[in-house]
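Before any comments, here is the structure.
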């Protein structure tokens, strides 16, 4: 067994700083609680929302159809009641008001002339009363419309056969839907909040430590004493940035772990998705997300060092966290086409990679490598900027 | 031994330190005496390497501190102007942190930490977090962490400022002990009694310049006053010479 050679002095000092900052911040119960909360809230809300969507989709399959004037169309009513998941009920006296009041999702109205028209093979009018402005009942309304279209087609076919015509003649088009996106891609679209949650965790996880170790160190008056030690400023900054990066990585792992655990409980198959989340996905998520923690920790440390007070630093942290939010919101509103240049843009590259991994069409290792290298290089530049700030007497002594 | 030669520091157009020269020898206590705003803290900050002088040289044990700041700092133990502790670390951990930064080997570090905490009468705080310490206790812990690497030169910026009688006595005892060990002790103060009680050599600073340098007796003789306080007031330029 070969023992690794001793680390250079500055690296050992950076490690001492790192360990101290981690110990110090993990004793800060209030900060830990706020980080934990911010990490937990996201995945829980996501899981809840997805569960609701799945429930609603299930509701749409089980549909209750109140019918006004059921005795005008006994055959239709009987056919409807024989379809699976359909429950026929007596309609309200004022269907439109009932739908408007949201006491009913949808009401079927069979006018008195229906039977007469039906018997004489004229198009028999039938009304579907629904509120198009209500997004949550659309599934139900569409189901009713599909059932009626199906009934109409069946009766039409029977009538053609009765007249000696093949029903095929009345069906010039046979429309088939070919879904190009894989089910996993569709799942990823719905799961597009997860990359945002993971990126946010990289910010919230590192934030507290980054501010406490820089702006907090100065505000407590312990910075001057620390700088008296024979430690290069670079080693101090490196230790502090690495400590916050590790905290960010921990938050990222917890968030990714929670989100993937939630995926097991969410009835995704009821959404028509067969999403299978396995170890390769997890490895992909980590490969995409962990390097970004170096970036978030270094940008936060740099900005917090620049801030005149702890409070001011916290304000800046709030502004910084808008960056992943903007990307996440844009990504949800306008589906991002993967372009190779995106991997070279910090944060955006990670967002695209995370989305791809969850979509089950992860790009090659080169994309991961490029995104990671860009993150590390940017973090390095920010670290140098932080060292320059620590060498500035105006910054250190707050003049 | 610390030698400052023609030290200068400007903040904008203001000369905070304007040509300070003195030597603080080993086995001696040197007092940096001066009114508030005289440039004591700025002088010390340049000596312990957190401010760059705009002119002049600093030697710590014959090491050029401006060219080799880390080597000089390794030979310094400092209680700086701002000596904040980490509220969530215990006294032992604060001392250990600085010892590790100085690269002390862990066995030796534990030994020294315990010895320091015992000598400074801090054992009852050793494993308590510093959040609830009194001002005197905080100062003593800050001194303990400054001494963990057994520096030859000790710089203390107004070490007794705001301390009660008991804590002041404890700090004075530390200074005497350091002197007895043959170290070079340099401390700043605006309190006359303290300087006269402790110092072998006094550097009086006013307006960023050294206005007098000598033993307490020499200073009294130079200013023509019997009392050191009167001498100080005269030398600092605030009083009328007799």
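Chains as they are written, first to last, in our numbering: chain A, 18 to 416; chain B, 4 to 245.
Glycine included, every Cβ here is placed at the ideal spot set by N, Cα and C.
Opposing strand residues paired with residue i [DSSP bridges]
{"i": "residue 225(A)", "result": "In the DSSP output, where bridge partners are listed per residue, residue 225(A) has none listed."}
{"i": "residue 205(B)", "result": "34(B), 217(B)"}
{"i": "residue 69(B)", "result": "Answer is none; residue 69(B) lacks a bridge partner."}
{"i": "residue 21(B)", "result": "11(B)"}
{"i": "residue 82(B)", "result": "159(B)"}
{"i": "residue 189(A)", "result": "None, per the DSSP bridge assignment."}
{"i": "residue 104(A)", "result": "81(A)"}
{"i": "residue 93(B)", "result": "132(B)"}
{"i": "residue 27(B)", "result": "5(B)"}
{"i": "residue 212(B)", "result": "209(B)"}
Which listed residue (the options) has its alpha carbon closest to that of residue i
{"i": "residue 262(A)", "options": "27(A), 35(A), 30(A), 26(A)", "result": "35(A)"}
{"i": "residue 211(B)", "options": "46(B), 31(B), 103(B)", "result": "46(B)"}
{"i": "residue 27(B)", "options": "57(B), 202(B), 107(B)", "result": "202(B)"}
{"i": "residue 136(B)", "options": "214(B), 170(B), 15(B), 11(B)", "result": "170(B)"}
{"i": "residue 30(B)", "options": "22(B), 162(B), 178(B)", "result": "178(B)"}
{"i": "residue 269(A)", "options": "300(A), 241(A), 310(A), 323(A)", "result": "310(A)"}
{"i": "residue 93(B)", "options": "128(B), 22(B), 4(B)", "result": "128(B)"}
{"i": "residue 172(B)", "options": "196(B), 107(B), 25(B)", "result": "196(B)"}
{"i": "residue 355(A)", "options": "345(A), 369(A), 361(A)", "result": "369(A)"}
{"i": "residue 230(A)", "options": "301(A), 172(A), 314(A), 171(A)", "result": "314(A)"}
{"i": "residue 346(A)", "options": "394(A), 357(A), 365(A), 130(A)", "result": "365(A)"}
{"i": "residue 87(A)", "options": "171(A), 62(A), 119(A), 129(A)", "result": "129(A)"}
C-alpha gap between residue i and residue j, whole angstroms
{"i": "residue 79(A)", "j": "residue 349(A)", "result": "30 angstroms"}
{"i": "residue 329(A)", "j": "residue 308(A)", "result": "27 angstroms"}
{"i": "residue 122(A)", "j": "residue 116(A)", "result": "6 angstroms"}
{"i": "residue 19(B)", "j": "residue 46(A)", "result": "43 angstroms"}
{"i": "residue 154(B)", "j": "residue 267(A)", "result": "39 angstroms"}
{"i": "residue 200(A)", "j": "residue 280(A)", "result": "Since pLDDT at residue 200(A) reaches only 49, below the 50 mark, its modelled position is unreliable, and the value read off the structure follows with that caveat. Taking the straight line joining both Cα atoms gives about 15 angstroms."}
{"i": "residue 158(B)", "j": "residue 374(A)", "result": "58 angstroms"}
{"i": "residue 126(B)", "j": "residue 120(B)", "result": "5 angstroms"}
{"i": "residue 164(A)", "j": "residue 97(A)", "result": "8 angstroms"}
{"i": "residue 298(A)", "j": "residue 94(A)", "result": "49 angstroms"}
{"i": "residue 325(A)", "j": "residue 409(A)", "result": "13 angstroms"}
{"i": "residue 103(B)", "j": "residue 240(A)", "result": "17 angstroms"}
{"i": "residue 343(A)", "j": "residue 52(A)", "result": "21 angstroms"}
{"i": "residue 24(A)", "j": "residue 30(A)", "result": "10 angstroms"}
{"i": "residue 244(B)", "j": "residue 237(B)", "result": "Residue placement at residue 244(B) is flagged as unreliable, the pLDDT there being 40, under the threshold of 50; the coordinate-derived value follows with that caveat. C-alpha separation (whole angstroms): 6 angstroms."}
{"i": "residue 400(A)", "j": "residue 226(A)", "result": "15 angstroms"}
{"i": "residue 176(A)", "j": "residue 114(A)", "result": "36 angstroms"}
{"i": "residue 160(B)", "j": "residue 82(B)", "result": "6 angstroms"}
{"i": "residue 367(A)", "j": "residue 396(A)", "result": "14 angstroms"}
{"i": "residue 187(A)", "j": "residue 372(A)", "result": "45 angstroms"}
{"i": "residue 77(B)", "j": "residue 327(A)", "result": "30 angstroms"}
{"i": "residue 130(B)", "j": "residue 97(B)", "result": "10 angstroms"}
{"i": "residue 109(A)", "j": "residue 126(A)", "result": "10 angstroms"}
{"i": "residue 385(A)", "j": "residue 322(A)", "result": "30 angstroms"}
{"i": "residue 259(A)", "j": "residue 211(A)", "result": "25 angstroms"}
{"i": "residue 106(A)", "j": "residue 81(A)", "result": "7 angstroms"}
{"i": "residue 53(B)", "j": "residue 175(B)", "result": "26 angstroms"}
{"i": "residue 300(A)", "j": "residue 223(A)", "result": "21 angstroms"}
{"i": "residue 49(A)", "j": "residue 43(A)", "result": "7 angstroms"}
Extent of the continuous alpha helix (DSSP H) to which residue i belongs
{"i": "residue 455(A)", "result": "Absent from the structure is residue 455(A), since the part of chain A shown begins at 18 and ends at 416."}
{"i": "residue 297(A)", "result": "296-323"}
{"i": "residue 172(B)", "result": "168-183"}
{"i": "residue 123(A)", "result": "Taken as a continuous stretch (DSSP letters only), residue 123(A) belongs to no alpha helix (DSSP H), being part of the beta strand (DSSP E) at 123-126."}
{"i": "residue 49(B)", "result": "43-50"}
{"i": "residue 191(B)", "result": "Looking at the DSSP string, residue 191(B) is not in any alpha helix (DSSP H); the run it does join, the beta strand (DSSP E), is 187-192."}
{"i": "residue 144(B)", "result": "138-150"}
{"i": "residue 122(B)", "result": "109-122"}
First and last residue of the uninterrupted beta strand (DSSP E) at residue i
{"i": "residue 246(A)", "result": "That residue, residue 246(A), is in no beta strand (DSSP E); it is neither H nor E in DSSP."}
{"i": "residue 160(B)", "result": "156-160"}
{"i": "residue 396(A)", "result": "Where residue 396(A) is concerned, there is no enclosing beta strand (DSSP E), although the alpha helix (DSSP H) it sits in stretches over 382-407."}
{"i": "residue 332(A)", "result": "From DSSP, residue 332(A) is part of no beta strand (DSSP E) but of the alpha helix (DSSP H) over 327-337."}
{"i": "residue 61(B)", "result": "58-63"}
{"i": "residue 42(A)", "result": "No beta strand (DSSP E) holds residue 42(A); the alpha helix (DSSP H) holding it covers 26-43."}
{"i": "residue 362(A)", "result": "Looking at the DSSP string, residue 362(A) is not in any beta strand (DSSP E), and its letter there is neither H nor E."}
{"i": "residue 182(A)", "result": "That residue, residue 182(A), is in no beta strand (DSSP E); it is neither H nor E in DSSP."}
{"i": "residue 147(A)", "result": "144-147"}
Within-8 angstroms CB hit, residue i to chain D
{"i": "residue 105(B)", "result": "Absent from the structure: chain D. Protein chains present are A and B."}
Mind the definition here: the segment 240-252 of chain A touches the segment 212-230 of chain A only if three or more C-beta pairs lie below 8 angstroms; say whether that holds.
no
Between the segment 100-109 of chain A and the segment 128-138 of chain A, do three or more beta carbon pairs fall short of 8 angstroms?
no
Just checking, does the segment 140-147 of chain B make contact with the segment 75-91 of chain B on the three C-beta pairs under 8 angstroms criterion?
yes
Measuring CB atoms only, is the segment 54-64 of chain B touching the segment 229-239 of chain B, in the sense that at least three cross pairs come out at less than 8 angstroms?
no
Count the C-beta pairs between the segment 176-193 of chain B and the segment 7-15 of chain B that are closer than 8 angstroms, then say yes if the count reaches three, no if not.
no
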